[in-house]
Amino acid sequence: MATNSQELQNLVNYGLVKAHVAMGLVFFIIVATMGFLYSLQLDDIYPFVGIEFLSPGRVRMIHTAGAAYGFLVNMFTGLLYWAVPRFTGYRILSDKLGWFMFFALQAAVLITVIGVLFLGMADNVEWGETPWWLDPIIVFWLLLHLMQFGAPLFKASQRGPLYVAGWYISAMLVWTPLVVFMGNMIPRFWAVGSGAGAVQSTFIHDLVGLYVTPVAWGLMYYFVPVIMKKPMWSHGLSLLGFWGLAFFYPMNGVHHFLWSPIPMFAQYSAVFATVAVEFAVTSVLINFMMTLRGSAEQLKYNVPLRYMYTGAIFYWITCFQCAFHVTLTFQKVIHFTDWVTGHAHLIMFGTFGLWVLGMAEYIWPRLFRKETMYSKGLSEGAYWLLMIGVLSMFFDLTAGGLVQGFDWIGLNPWIDSVNFSKPFWYFRSIAGIMMITGLLMYALNFWKTATAKTGLSAELRTET
Amino acid sequence: MGKMERFAFVALVAGILFFLFADFISWALPMFVLKDIPKKSVEDLAAEAISRNSTAWSDFKKLARYYPETFKKFCQYEESFSGAKKIPESECKPNGKTLAKALRIGHRWYVAEGCWNCHSQMVRPVSNETLRFGIPGVSNTVSYPSEYNNELQAPVLWGTKRVGPDLIREAAVHNVGWQAAHLYNPKYTSPGTNMPPYPWYYTKDSKGNIVPNERGLSLLTYIMWLGSWEVKPPKDFRINVKASNSAKVKENTEKNFAEAK
Ligand code: HEM
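Chain order of the listed sequences is R and P. In this text, residue positions in the first sequence follow my numbering: the first is 209, and each later residue adds one. In this text, residue positions in the second sequence follow my numbering: the first is 20, and each later residue adds one.
What follows is the structure, given as structure tokens:
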């Protein structure tokens, strides 16, 4: 990929990238703070007792819905505005549309926050807590999103085969509006009971599997070779990974409701498809690890690349874990416990969170025509705090989940399981403080880089 | 191979075909299998509770008797989000209409408060759950599809996380008085709990007692309804706190109210 020539700069709308990434970061911090607040409720030291709009249950819905729409959608859209024109060679459909979509997205998030916190209009679809009347608007937004990024991808594929990143992103553009429509509209207006449960579980999983995962892998396939200045190791594995994911991932959903009244054949097929996904994921991982071969020393000083590979390893851990706990045997113990929450954070924060942070840190100085980030110290400090924070949270919640699961089976009074979990919950709050501190350092570094008067120049580092 | 790497092919095959196939297996087919179970509206549920004289119905009548002032205001209460409408004075007594209205409002705030983030509504056939939830020996049923086929389970409230116990058999466990005190401040009935207090579902009546307000009354009705179709607890089985305006509860709730402030 070419240098930062005038041509490339005309290709990418820098303003849109900056706006989305900055808002994504702001929401990341807000969302993490909401999670932290809720964790204080579990510790039983919630600071805002008796204030209706800060009711912990409502705060938790902002945590999950905000993570989806405020943080992830903003970040990914910003990164797509950078990556898609660059690897296709075509501009997005329209800059005006881009700005309209930017403000519409922030408005949708704001309306959700007001609706959930102040008006009590939440929807009991996890990850789709947005008030139901907002959901058609979100679907419409996603259709615009399809046109905006579909245009350059479509044009490029007229000329020849698309690059791997293009497959993931094309598929994601089509999936996402379908998923949001399905998950929010069908359980409200058509399906009820177990049928609705099956739809909702498909939604929970598809929003992760058919939006977050493909867009993130697509971006990884773009950024990793660009940063390392070499192609991916195997094109065959890229194909295998993509088609394996595309086929098996959408069938995973029902594994969120195993042992439920959903007919068993759907549960078994979900278990089977989930185990199959692990193989697809492993093929992708092998591809990335083999690409790293010979360049691993870059991880020492290249923080963005390190974020990406840390996330990739966490991804594999999560999927490996999943192949076990998806079985009906594990489910007896770990379902409904903090084990699942640990799993959710390892993938959402540990993988996708770290990935977008790495990608954003890579493009941020370039957006402001600086050669490097403002402070190496802040950059390293943030990485270690975030990485250690999320990993310790994961181990903590996994252990806590086992304690809860076995305690419930043991038929002890319920309050025992609450008391036994308290140490784990306290520890999680401490890990949360680490992560929020890391995020604040990261944001400070961004702010300083953007506002630095003189061009920051990259110092040459020799290997040590 | 070249074709597999084009926008149109990916969008059509992966984006649409695979997606539809997966949806077919994951939920369209299960829905088809379950399609003969009738779908009940909230009015049906209320009528059923009355005709079977379940605890949901007797507890609703109790709520109306304990909190007459609130019940009057409750009839006047309107909400466009849950579709709850005013009920004329002549019909303002426990009946199918008022019970359905209370269930609607109660369900709406149960969802809005995120109770489902801490409480599941599903008893699984494993992990001794049938022994833990419901009444051992009297009713130890696993959750089954038809009990969810109603308007209040769309979207379904199974939940994914338990901090507190499952609630789908709650009707058998505690009586109205316990629930009223617990929702106001869970620490009163359950020392050491980390369930948050919900004082905004309460108000003071003309005598200065703390009583549930319109939303509180509905939420309590909803909680007392959960599982009432399945279990009829033996007399005096449920964990019992005397009617909520009794002196003891009042004293305790007021003490706790002062703490909350
Ligand atoms: C400082 C960082 C964070 C803290 C302290 C935190 C804390 C929490 C807490 C306390 C819960 C509730 C778990 C429960 O119900 O027991 C939760 C749930 C959740 N959080 Fe976070 N969170 C953080 C960051 C994030 C981020 C960045 C994401 C997404 C990108 C995220 C995604 C989720 C999801 C998906 C759930 C639902 C998990 C489940 O149902 O088990 N969290 N978080």
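All C-beta atoms in this analysis are idealised placements derived from N, C-alpha and C, irrespective of residue type, glycine included.
The DSSP-derived three-state label of Glu88 (chain P) is helix.
The distance from the Cβ of His553 (chain R) to that of Phe632 (chain R) is about 13 Å, inconsistent with a contact at the 8 Å cut-off.
In summary, Gln356 (chain R) is buried, with 16 or more beta-carbon neighbours lying within 10 Å of its beta-carbon over all protein chains present. A Cβ of chain P is located within less than 8 Å of the beta carbon of Glu334 (chain R).
For Asn653 (chain R), the secondary structure class from DSSP, reduced to helix, strand or coil, is helix. Trp616, Ile617, Leu619, Trp622, Ile623, Val626 and Asn627: these are the residues of the segment 614 to 638 of chain R whose beta carbon lies less than 7 Å from some beta carbon of chain P, given in chain order.
Within the same chain, Cβ atoms closer than 7 Å to the Cβ of Val175 (chain P) are found at Tyr167, the five residues on either side in sequence being excluded. Cβ-Cβ distances below 6 Å link Tyr634 (chain R) to Asp251 in the same chain, with the five nearest sequence neighbours on each side left out; the list follows chain order.
When DSSP states are grouped into helix, strand and coil, Phe576 (chain R) belongs to the coil group.
For Leu176 (chain P), the C-beta contacts it makes with chain R under 7 Å involve Asn332, in order along the chain. A contact is defined here as three or more CB-CB pairs under 8 Å, and the segment 512 to 523 of chain R meets this definition with respect to the segment 424 to 435 of chain R. Contacts between Glu24 (chain P) and chain R, judged by CB atoms closer than 9 Å, involve Ser365, Gly368, Pro369, Leu370, Tyr371, Val372, Gly374, Trp375 and Leu447 in chain order. Here Ile571 (chain R) carries a helix assignment [DSSP, helix/strand/coil]. In the three-state reduction of the DSSP assignment, His138 (chain P) falls in the coil class. With respect to chain P, the C-beta atom of Gly401 (chain R) has a partner C-beta closer than 8 Å.
At a C-beta separation below 8 Å, Leu53 (chain P) has these neighbours in chain R: Gly401, Ser402, Gly403 and Pro471.
Here the segment 277 to 295 of chain R does not lie against the segment 97 to 117 of chain P, with fewer than 3 beta-carbon pairs under 8 Å apart.
In this structure, the straight-line span from the alpha carbon of Asp78 (chain P) to that of Leu245 (chain P) is close to 12 Å.
DSSP places Phe256 (chain R) in the coil class of the three-state scheme, outside both helix and strand. Cβ contact annotation for Cys137 (chain P) (same chain, cutoff 6 Å, sequence separation greater than five): Val182 and Gly183, in chain order. Contact with chain P is found for Gln408 (chain R), since one of that chain's Cβ atoms lies less than 8 Å from the residue's Cβ. Scanning its chain for C-beta atoms nearer than 6 Å, with the 5 sequence neighbours on each side dropped, one finds around Met329 (chain R) the residues Gly323 and Pro339, in chain order.
In this structure, Phe614 (chain R) sits away from Lys180 (chain P), with a CB-CB distance that is not shorter than 8 Å. Under the Cβ distance rule, Pro184 (chain P) counts among the residues neighbouring chain R, one pair being separated by less than 8 Å.
Under the criterion of beta carbons closer than 8 Å, Ala65 (chain P) and Leu236 (chain P) do not qualify as touching, at roughly 15 Å. Taking 8 Å as the threshold, the shortest C-beta distance from Ser99 (chain P) to chain R does not fall below it. Under the three-state reduction of DSSP output, His193 (chain P) falls in the strand class. DSSP, reduced to helix, strand and coil, places Ile229 (chain P) within a strand of the structure shown. Against chain R, the CB of Gln95 (chain P) has no partner CB under 8 Å away; the residue lies outside that interface.
As the crow flies, the alpha-carbon of Arg143 (chain P) is around 20 Å from that of Cys530 (chain R). When Cβ pairs closer than 8 Å are counted between the two stretches, the segment 586 to 596 of chain R is seen not to touch the segment 243 to 260 of chain R, the count staying below three. Proximity of Arg123 (chain P) to chain R, defined by a Cβ-Cβ separation below 8 Å, is not satisfied. Using a Cβ-Cβ distance cut-off of 8 Å, the segment 24 to 36 of chain P and the segment 364 to 380 of chain R are in contact, since at least three pairs of beta carbons, one from each stretch, lie closer than that value. The C-beta of Gln314 (chain R) comes no closer than 8 Å to any C-beta of chain P.
Exclusion of the five residues before and after Glu110 (chain P) leaves Lys116 as the residues of its chain whose Cβ lies within less than 7 Å of its Cβ.
DSSP lists P:Glu98 as the beta-bridge partner residues of Ala103 (chain P).
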